[in-house]
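One structure is given below, encoded as structure tokens.
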Amino acid sequence: MSMLKPDFIKPVGLGAVIFAALAFMPTLVDSYYMSLAISVVSFAILATAWSMFSGPTRYISLATVVFFGIGAYTVAVLGEVLPFPLVLVCAGLAGTVIALLVGFSTLRLAGVYFVIFTFGLTELVRQVVSWYEVNVTREMGRYVFLDITQNDIYWQLLALFAVLLVTGFILGRSRLGFALRIIGEDETVAKHCGIDVTRVKVALFVLSALFMTLTGAIMAPRWTYIDPVIAFNPMLSFQVVIMALLGGPRRLLGPLLGVIPLTLLFEVLTASFPNHFSILLGCVFMVIVYLLPGGVVGLYEKYRAPKKRVLATDQNAEPGGNAA
Amino acid sequence: MNTEILLSISGLHKAFGGLIAVNQMQFDVHQGEILGLLGPNGSGKTTVMNLISGALQSNDGKVVISGKDITNLPAHKISHSGIARTFQLVRVLPDLDCVENIEAGLAYRTKPLWGDAAHAAALELLDRIGLSKQAHIPAGDLTYIDQKRLELGRALALQPKLLLLDEWLAGLNPSELQDGIALVRKLKNEGLTIIMVEHVMDAIRSLCDRCVVMNAGAKIADGTPDEVLSDPEVVRAYLGDSHA
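These protein sequences, in sequence, are chains A and B.
The numbering of the first sequence is our numbering, which starts it at 150 and goes up by one.
The numbering of the second sequence is our numbering, which starts it at 32 and goes up by one.
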């Protein structure tokens, strides 16, 4: 591994400086902006984690909220029983187990079948949790009273995002990451090159789900009250997809370019048009897919190297990381 | 000729619904030879290649390489047992550049190469197949013949014992064809064993040590190119009864 080369030290060093600076944000701004910052960082983690799997493989997953919700629910159930770090470990384990099950049972599906399955999975998990709460624990909805401040949440998310970026950075240079790119290009070729396609896909799916689960767990104390409808709201999955697509899911920092403008836009939309949010979200989705198929990153690459990619632009005109 | 058997196929059977694509196929491939797999369109040649490489699962029969049973193993395990292939419709990794396309073959084989070692080996292999100038061009932008070269390069990167070429020489113009034939002969001289599905008669006559001819999923002839091409059964399969 090229761990000690300048091309590794430089971006990691730069990232460390930026994250250290961001950690001082709570001392500079008031709680409204901190709440906005928490939204941005949590979506940044979700969209980056989503892209880590879906970017190279082009499998569009709508299961983001499944893992996010499992994380949040684990905190709701265990938050007052165990110390918080241990709760996070439990959430991570729960997310990993579910992701393994889902991965091995569905990653043989391709294209639209996978999309539909992941969407259905959200509903399934929500119903199962509701059923359990109604029939076994006999209390729908739980309160999360934990001694965790808004700033604590922010710092935890920031740390998780840093870990995610370093993971993604190492992955991008690893055999595993390369295998995923080959699978995205041509799964049959990948198999004949000696890649155990199913194992690679499941591994990345689980890794990506782990970060989503932890995000949900860290975010849970912010709500004080959660029930299955809040924790497993499918809207979140769509928001994450749209952000990642706007930014560009094929680059590590691509999704971030979609997260920042869209989180701000959603903030304005929910504040100004609370009743029309869904339809406006749909419009934003269509505009992005039609006008920016390769995302902001794709636009930049097209502009930067117009000559080299002319031949290939026609083939790449499909919606960035499309499902089929 | 070296008579040691590298690959042995027996009783191989594959049906797609009611259509029997491969019916009780049986043949051996000897170490170091080029075996031509011939037959009219739709006779099941590509299906046999797919069964050997693990792209398809057979219904019955056995595939054995160097004494090891690889019947119906997943494709990546068959690749690890020393079989590499090219595809009838050329398959490169279009958005990756040529070096990365070769590295795809190097990074997951039994003795994998990665990082600087893989990069150096990829450049060396590109040089060997005549693509060193295109090293950093995306594979999707290459010409047809260059994509075919690149696909062969990726197969060679796997260091196979047995190479499966599925109409690798099809669609080339006469001068490209001569280059292609020379390249395959060079591989044979380096000791590689090859099964080639081919329609180009010049290539079959000049390259193949032995030919197996298929018709309607079954073997109808097995011998040297001259023997099988003058076999009445083979002529009948290609041209109909009146020419036999």
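C-beta: ideal position from N, C-alpha, C; glycine also.
All figures in this text were calculated on a predicted structure; none of them were measured in a lab.
Which residues DSSP lists as bridging residue i, in chain order
i        : result
B/SER41  : B/LYS93
B/ALA46  : B/ILE51
B/ILE36  : B/HIS61
B/ARG116 : B/LEU195
A/ARG291 : A/ILE375
A/PRO423 : Answer is none; A/PRO423 lacks a bridge partner.
B/PRO169 : B/ASP128
Beta-carbon spacing of residue i, residue j below 8 Å
i        : j        : result
B/VAL130 : B/HIS107 : no
B/LEU218 : B/LEU189 : no
A/ILE409 : A/MET368 : no
B/LEU66  : B/CYS239 : yes
A/LEU353 : A/MET201 : yes
B/HIS44  : B/GLY85  : no
A/ALA240 : A/THR223 : yes
A/PHE263 : A/THR271 : no
B/GLY248 : B/VAL123 : no
A/ALA196 : A/GLY365 : no
A/THR373 : A/ILE219 : no
B/THR255 : B/GLU64  : no
A/LEU306 : A/ILE194 : yes
A/LEU242 : A/VAL355 : no
B/GLY70  : B/ALA268 : yes
A/LEU309 : A/GLY228 : no
B/LYS192 : B/SER41  : no
B/HIS61  : B/ILE36  : yes
B/ALA152 : B/LEU137 : yes
A/VAL346 : A/TRP199 : no
A/ILE297 : A/PHE233 : yes
Residue interval of the beta strand (DSSP E) (run including residue i)
i        : result
B/THR249 : According to the sequence shown, residue 249 of chain B is Ala rather than Thr. That run of the beta strand (DSSP E) goes 249–254.
A/ARG371 : Segment: none, A/ARG371 is in no beta strand (DSSP E) and carries neither H nor E.
B/ARG241 : 241–246
B/GLN55  : 50–61
B/VAL228 : 224–228
CA nearest to the CA of residue i, picked from the options
i        : options                                   : result
B/ASP253 : B/LYS93, B/GLN57 and B/ALA213             : B/GLN57
B/GLN178 : B/LEU195, B/PRO256 and B/GLY202           : B/GLY202
A/ARG400 : A/ILE428, A/ASP179 and A/ILE319           : A/ILE319
A/ILE375 : A/ARG322, A/LEU163, A/GLY443 and A/ALA221 : A/ALA221
A/VAL351 : A/TRP304, A/THR245 and A/LEU413           : A/THR245
B/THR174 : B/ILE109, B/LEU69, B/ASN204 and B/ILE40   : B/ASN204
A/VAL446 : A/THR412, A/GLY403 and A/SER357           : A/GLY403
A/PRO205 : A/ILE379, A/GLN305 and A/ARG330           : A/ARG330
B/LYS76  : B/SER206, B/SER273, B/CYS242 and B/ILE176 : B/CYS242
B/SER237 : B/GLY184, B/ILE251 and B/GLN209           : B/GLN209
A/GLN388 : A/PHE426, A/LEU440, A/PHE422 and A/GLU288 : A/PHE426
B/VAL121 : A/VAL338, A/VAL178 and A/GLY343           : A/VAL338
B/LYS125 : B/GLN119, B/ARG116 and B/ALA135           : For clarity, residue 125 of chain B is Pro in the given sequence; the question names Lys instead. Cα-wise, what sits closest to B/PRO125 is B/ALA135.
B/MET80  : B/SER97, B/SER110 and B/ALA268            : B/SER110
A/VAL251 : A/ALA328, A/PHE216 and A/VAL261           : A/PHE216
A/GLY343 : B/SER97, B/ALA115, B/ALA152 and B/SER89   : B/ALA115
A/SER386 : A/ASN284, A/VAL214 and A/ARG257           : A/VAL214
A/VAL293 : A/VAL236, A/GLY321 and A/PRO423           : A/VAL236
B/LEU50  : B/THR78, B/THR34, B/ASP59 and B/LEU68     : B/THR78
B/ARG140 : B/PHE118, B/GLY113 and B/ALA153           : B/GLY113
A/GLU288 : A/ILE209, A/PRO370, A/PHE434 and A/PRO377 : A/PRO377
Below-8 Å beta-carbon distance, residue i vs any chain D residue
i        : result
A/LYS451 : Judged by its chain identifiers, the structure shown contains no chain D, and its protein chains are A and B.
Range covered by the alpha helix (DSSP H) that runs through residue i
i        : result
A/PHE168 : 155–171
B/ASP197 : It is not in any alpha helix (DSSP H) - B/ASP197 instead sits in the beta strand (DSSP E) that spans 193–197.
A/THR176 : From DSSP, A/THR176 is part of no alpha helix (DSSP H); its letter is neither H nor E.
A/PHE263 : 261–281
A/LEU430 : 426–440
B/SER206 : 205–220
A/ASP301 : 299–321
B/HIS150 : 147–159
B/ASN132 : 129–137
A/CYS239 : 233–255
B/LEU181 : 175–188
A/GLY220 : 213–227
A/HIS341 : 336–341
A/ILE194 : 180–206
B/LEU270 : 263–270
B/SER237 : 232–238
Practice prompt. Taking only runs that begin and end inside the region 66–114 of chain B, name each unbroken beta strand (DSSP E) of 3 or more residues, in chain order.
Written response: 91–96
Practice prompt. List in chain order: all unbroken alpha helix (DSSP H) runs of 4+ residues lying wholly within the region 373–409 of chain A.
Written response: 377–380 and 384–396
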